[in-house]
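Please read the structure below before turning to the comments.
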Amino acid sequence: MCQVAFCLRGKRVRIDHDTTFVETREIPAIHSGGPSSAAGRRQTECYKRLTSRGLRYEGGLTIMGRERSHCMQRRDFLKTAGLATGGALVSGTQARADHHLEALPLSGAMFRRQNGQIVLMGRGVNFSVSDNGGQSWSTPKPLVSDGEAVRADGDVVGLLRLASGKVVLSYVRSRQDGTRRRQGIFLRTSADDGHTWSGESTLTPFPDDDLSALHASMVQLRSGRLVLPAYARYSHDYPGRPRGLGSTWLPEYRITVILASDDEGRTWQYSPGLHLWKDLGHGGLVGCGEANVVETKDGRLMMLASTTNMRMVSSYSSDGGETWSYVDLNDLSTSDAPLRLVRNPQTDDLLLVWNQVTAREHRDGFGRGRLSMAVSRDSGETWDDFTSLATSPGMERVARVVDTEPPGFVREGENMSPGQVPDNAMGGIVCSTRPNVSFLEGEVLIDYRRWFIPNLWASESERQEITQAVHVLPTA
Amino acid sequence: MERYLRYPEQKGGLIELADGRLMGIIRGLLKFYSEDRGRTYSEPEPLLADGEQISGFGDPGGVLRLRSGAIGITYLGPLEPEDFPGFGPLAPGRSSEKQRALYFRKSTDEGQTWSPAQRVAGPGVAQSYSLHDTIICLQNGRLVWPCYGGVRGYRPTNPPKVEGLERGIGHLWYTEALSPTKIYYSDDEGKTWSVSDGDLMLWLDGGQGNLDALHEPTVAEAKDGRLVLLARCGQMRVVQSFSYDQGKTWTLPELSELNSANAPIRVRRIPTTGDLMVVWNQVTAEEHRSGYGRYRLSAAISKDSGQTWTNFRNIHVSPGLNESPRVSDSEAAGFVRPGSNAKPGAPMPDNPVQGYLRASYANLFFVGDEVLIEHDYWYQTDPFHSHEVPERWKHLTKDRNRQTSTGHKLSSLPRKLHILPLSWFYTDCSP
């Protein structure tokens, strides 16, 4: 195994050419609704269990190696090499006593204050701060504005410092409208580094709108324009349908609407809907949601989203998001899971993090079992430097997945029977999904949600070891 | 048996008034009357509320008799940003500021005055829409209005050529977005509205073929109590779905046995028998590829609540097409692009009219023992309009200047009315 070593933040770090990450942290995540939610309580319990067993979260420790034993138990796997793909959960005997707990307690978005403090916000809206560059985080608490909690049962879809110095916060909240529930996207700004916030305005133009967006997907262009790739979702949970998992077990359609503002969020315009007209209609319509938009080094906007057809779709805009090129499939294999596309502010290269899997793996229930990364230096036309960030037991560890099956609709887990335990060393699946990427002064922080499930049909309450795994890499 | 009559040149609906006249409401919210069971019609005039014309746009105009005896109308109407305070202001100068919504109004004096407008759906980034005159009143008084709509699809910059052409004819030559169907219903004669569970769309081959749009749905209440929804799609078949709870939930839409162009379908319950009648463009895939997708208009009856169809009849067949009342398609259902075998500049067809006579967007009404079927009716030399229209057909071409004598705009297309005895549809049941 090839290894190199160097110092990062004063810590000696080794790099394994196979696992390739540099520094990992294992962090308890707090899910929707914050620490008082059911998911949050499970997380806390998870953390207590681990610490009571002599395990400890430790930041800055490099985990090396790969799965060594075919009869390895899940706990062992989590303790050692398996989590090398995502975290640094280590035994107490290995932990260094002088290391404090590093925690990224929320899945959301972050910005840096003028004084260097990092502010992280997630569902709730709950927020946490770090005064040491992300090494440790305060206990999350609800965001309050004018004495009232800022409510969001959906994601924080934007938290960024604008060119003017203002900070913008955008989040999703649902409301009951007669017999149906609708999601709206809201916005506040702050002129004092996020200490106080303006009143709430809405990006959702009309009463009938039901729009959402992927967390942390709002961007500001060089022109100052704010862009959010929102989407509308339609589905038909018809009587008597077979019950499977995910969005491929019932008719579902998502269409992406690019919301744009040229006045720092006061007024908005929206684009026509983006979706895939596969094979010029002969392949049917394919939805397109949870998209990412990024400004490329050649000045265009690139939209990228996953689909139900085992490939991503992409489109470009040369006029700031008003019109778009033909949405078409590219050759990047993916399940229908959220991806993350960002621009490296230092190099203007694009960084992509996503669930890179084959159709067969998706049918076997591993659609979110491998998390990969790639870089594009030509505005998204081609991709290089494929890297695997996390690989579930039962999957092959490869950097680049090339699926021999042509793009086509694949139903999640259709090879698995309800309750069937995967035939692998851990007897389950480690899912790694919903990645985000944050750039923090010379470092790039990649976080994603990870959990273990004993079988694909396990309910959300049966998820175990839920964590918000983090990789820290030098930006260069 | 059959009489061809001119009909007000606009899509709309027709009901029988208490005094025996017929009253029609058409797109643009104009009304007209017939005192001779549909043989002649008065000049359309604006529909007024408090002395002001009610503004209505587009197809969703319709009219129906409610269980209480009142009359209801539906339409697409305008609204201003003040009508939806608290929602995001649009950037200045955006054309999308012009928003519209689906409305319902009621009249308790046979259409002389109208209640304030009740907004049923919209506005939204996803626009709500309906085929004309699709609202129905169930036996229990519930109003059911099948609508559809979604986010308007994008037009790509530098689009790829389709079938080797920059632009073809009709639909499916560009990236049309999917417009899911929703069914709105009201149990208080339009004061409050609910919407069906889920968004109906066509899931091809259980998803393996991805999705197709389900457009312009129509609904009828069958004699066994179920609701039957029929709609168009791009797969050469009529789409069907059923509801067994008066419109709240719907079965997975599926392709029916009725072969069809991607053109509107109309289904209604025959009041005297409880059977269902459908009127639609019954064509084969090959005819559709040749550009004949809307040139045969047929009718059929279902005696088993929409499960099977019999008693096929042709209402209109353009010269050059098979005149058999039942035109089955030997091709399996699948995506067909209209006119994909037709090319610009092809010679004028060698048939008696040197062109085609189109009939589509039909509506049907039951008046006593007669069936009134009306549809658009226009002449084309070929799908691409490559040749000058012969003089004798110029009155049946598109004319954007059609208007009433009082200056109100009518459709650019002529319309034609057939008055047929209902018994004609029941005699000699073999197709």
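Keeping their order, the protein sequence lines are chains A and B.
Numbering-wise, the numbering used here puts 382 at position 364 of the first sequence, and it's gapless, one number per residue.
Numbering-wise, the numbering used here puts 163 at position 161 of the second sequence, and it's gapless, one number per residue.
Yeah, the Cβ is synthetic: ideal placement off N, Cα and C, and Gly gets one too.
Only a predicted model underlies this, so the values are computations on that prediction, with no experimental measurement involved.
Between the CA atoms of residue 148 (chain A) and residue 492 (chain A) - distance to the nearest angstrom: Here residue 492 (chain A) refers to the residue found at position 474 of the first sequence. Here residue 148 (chain A) refers to the residue found at position 130 of the first sequence. Their Cα atoms are separated by approximately 19 Å.
Which residues in chain A have a C-beta closer than 7 Å to the C-beta of residue 123 (chain B)? List them in chain order. Position 121 of the second sequence, counted from the start, is the residue given in the question as residue 123 (chain B). The contacting residues are 226.
In chain order, what residues of the same chain have a beta carbon less than 7 Å from the beta carbon of residue 287 (chain A), not counting five sequence neighbours either side? In the first sequence, residue 287 (chain A) corresponds to position 269, counting from 1. So the list reads 278, once near-sequence residues are dropped.
Just mark residue 66 (chain B) as buried or exposed, buried being the case when its beta carbon has 16 or more other beta carbons within 10 Å. What you label residue 66 (chain B) is simply residue 64 of the second sequence in a count that begins at 1. Buried, since its Cβ has 16 or more Cβ neighbours within 10 Å.
Using the Cα positions of residue 380 (chain A) and residue 428 (chain A), report the straight-line distance between them to the nearest angstrom. On the first sequence, position 362 is the one that residue 380 (chain A) refers to. On the first sequence, position 410 is the one that residue 428 (chain A) refers to. Approximately 7 Å between the Cα atoms of the pair.
Using Cβ-Cβ distances below 9 Å, what residues of the region 340-373 of chain A are close to chain B? Flagged, chain order: 341, 342, 343, 344, 345, 346.
Out of A:153, A:332, A:179, which one is the CA nearest neighbour of residue 489 (chain A)? Mapped onto the first sequence, residue 489 (chain A) falls at position 471. Closest option to residue 489 (chain A), Cα to Cα, is A:153.
Simplified DSSP assignment, three categories, for residue 428 (chain B): Numbered from its first residue, the second sequence carries residue 428 (chain B) at position 426. Three-state result, residue 428 (chain B): helix.
First and last residue of the uninterrupted beta strand (DSSP E) at residue 380 (chain A): Translated into positions along the first sequence, residue 380 (chain A) becomes position 362. From DSSP, residue 380 (chain A) is part of no beta strand (DSSP E) but of the alpha helix (DSSP H) over 377-381.
Could you name the residues that DSSP lists as bridge partners for residue 159 (chain A)? Here residue 159 (chain A) corresponds to residue number 141 of the first sequence, with the count starting at 1. Answer is A:145.
Stretch pair the region 327-342 of chain B + the region 275-283 of chain B: three plus CB contacts closer than 8 Å: Short answer: they don't touch.
For the region 416-425 of chain A against the region 259-268 of chain A, do three or more pairs of beta-carbon atoms, one drawn from each stretch, fall closer than 8 Å, so that the two count as touching? no
C-alpha gap between residue 242 (chain A) and residue 282 (chain A), whole angstroms: Within the first sequence, numbered from 1, the residue matching residue 242 (chain A) stands at position 224. Within the first sequence, numbered from 1, the residue matching residue 282 (chain A) stands at position 264. Cα to Cα, residue 242 (chain A) sits roughly 8 Å from residue 282 (chain A).
Should the region 231-242 of chain A be called in touch with the region 221-236 of chain B, which here means at least 3 C-beta pairs below 8 Å? no
CA nearest to the CA of residue 419 (chain B), picked from B:376, B:107, B:166, B:359: The residue given as residue 419 (chain B) occupies position 417 in the second sequence. For residue 419 (chain B), the nearest C-alpha among the options comes from B:376.
Tell me which same chain residues have a C-beta within less than 6 Å of the C-beta of residue 117 (chain B), skipping the five on either side of it? For this step, residue 117 (chain B) is matched to residue 115 along the second sequence. The residues are 107, 108.
Counterpart residues of residue 334 (chain A) in DSSP-defined beta bridges: Taking the first residue of the first sequence as position 1, residue 334 (chain A) is located at position 316. BP columns for residue 334 (chain A) point to A:320.
Beta-carbon proximity check, residue 256 (chain A) vs residue 305 (chain A), cutoff 7 Å: Indexing the first sequence from 1 puts residue 256 (chain A) at position 238. Indexing the first sequence from 1 puts residue 305 (chain A) at position 287. Their beta carbons are not under 7 Å apart, which means residue 256 (chain A) does not touch residue 305 (chain A) by this criterion.
On the DSSP bridge assignment, give the partners of residue 271 (chain A) in chain order. Here residue 271 (chain A) refers to the residue found at position 253 of the first sequence. A:252.
Using a Cβ-Cβ distance under 7 Å, would residue 231 (chain A) count as near chain B? The residue given as residue 231 (chain A) occupies position 213 in the first sequence. Not an interface residue.
Express the C-alpha separation of residue 401 (chain A) and residue 370 (chain A) in angstroms, rounding to a whole number. The count along the first sequence starts at 1 and reaches residue 370 (chain A) at position 352. The count along the first sequence starts at 1 and reaches residue 401 (chain A) at position 383. Cα-Cα distance, rounded: 9 Å.
Residue 396 (chain A) burial status per 10 Å Cβ neighbour count (16 or more: buried): On the first sequence, residue 396 (chain A) is found 378 positions in, with the first residue counted as 1. Residue 396 (chain A) is exposed by the Cβ-count criterion.
Report yes if the CB atom of residue 201 (chain B) is closer than 7 Å to the CB atom of residue 219 (chain B), and no otherwise. Counted from its first residue, the second sequence places residue 201 (chain B) at position 199. Counted from its first residue, the second sequence places residue 219 (chain B) at position 217. The Cβ atoms of residue 201 (chain B) and residue 219 (chain B) do not sit closer than 7 Å to each other.
Where are the beta strand (DSSP E) runs, 3 residues long or more, that stay fully inside the region 118-171 of chain B, in chain order? For secondary structure counted as the beta strand (DSSP E) over 3 or more consecutive residues, the region 118-171 of chain B holds these complete runs in sequence order: 120-123, 145-150.
Partners in chain E for residue 251 (chain B), counting only beta-carbon separations shorter than 8 Å: Chain labels in this structure do not include chain E; the protein chains are A and B.
Identify which residue in A:328, A:159, A:398 has its Cα closest to the Cα of residue 420 (chain A). Looking up residue 420 (chain A) in the first sequence gives position 402. Among A:328, A:159, A:398, the Cα nearest to that of residue 420 (chain A) is on A:328.
Neighbourhood of residue 325 (chain B) by C-beta distance below 6 Å, restricted to the same chain and skipping five residues each side: The residue given as residue 325 (chain B) occupies position 323 in the second sequence. Excluding the 5 residues flanking it on each side, residue 325 (chain B) has same chain C-beta neighbours closer than 6 Å at 319, in chain order.
Alpha-carbon spacing of residue 140 (chain A) relative to residue 349 (chain A), whole angstroms: Within the first sequence, the letter at position 122 stands for residue 140 (chain A). Within the first sequence, the letter at position 331 stands for residue 349 (chain A). Each residue's Cα considered, the two are about 32 Å apart.
Runs of beta strand (DSSP E) wholly within the region 195-275 of chain B (minimum 3 residues, chain order): 217-223, 229-234, 239-245, 256-261, 267-271
C-alpha distance - residue 482 (chain A) paired with residue 470 (chain A), whole-angstrom precision: The sequence position of residue 482 (chain A) within the first sequence is 464, counting from 1. The sequence position of residue 470 (chain A) within the first sequence is 452, counting from 1. Residue 482 (chain A) and residue 470 (chain A) have their C-alpha atoms spaced approximately 5 Å apart.
Please name the residue in B:409, B:86, B:386 whose C-alpha comes closest to that of residue 349 (chain B). In the second sequence, counting from the first residue as 1, residue 349 (chain B) sits at position 347. Per the Cα distances, B:386.
Under 7 Å between the Cβ atoms of residue 379 (chain B) and residue 395 (chain B)? Position 377 of the second sequence holds residue 379 (chain B). Position 393 of the second sequence holds residue 395 (chain B). Against a cut-off of 7 Å, the Cβ pair of residue 395 (chain B) and residue 379 (chain B) comes out as no contact.
In whole angstroms, what is the alpha-carbon distance linking residue 299 (chain A) and residue 236 (chain B)? Position 281 of the first sequence, counting from 1, holds the residue named residue 299 (chain A). Position 234 of the second sequence, counting from 1, holds the residue named residue 236 (chain B). So the two alpha carbons sit approximately 9 Å from each other.
Just to confirm, is the Cβ distance from residue 414 (chain B) to residue 401 (chain B) under 7 Å? Here the question's residue 414 (chain B) lines up with position 412 in the second sequence. Here the question's residue 401 (chain B) lines up with position 399 in the second sequence. Their beta carbons are under 7 Å apart, which means residue 414 (chain B) touches residue 401 (chain B) by this criterion.
7 Å Cβ cutoff, residue 427 (chain A) in contact with chain B: Position 409 of the first sequence, counted from the first residue, corresponds to residue 427 (chain A). Chain B contact via Cβ: present.
Please confirm whether residue 326 (chain A) and residue 430 (chain A) have their CB atoms less than 7 Å apart. Numbered from its first residue, the first sequence carries residue 326 (chain A) at position 308. Numbered from its first residue, the first sequence carries residue 430 (chain A) at position 412. No, the Cβ-Cβ distance between residue 326 (chain A) and residue 430 (chain A) is not below 7 Å.
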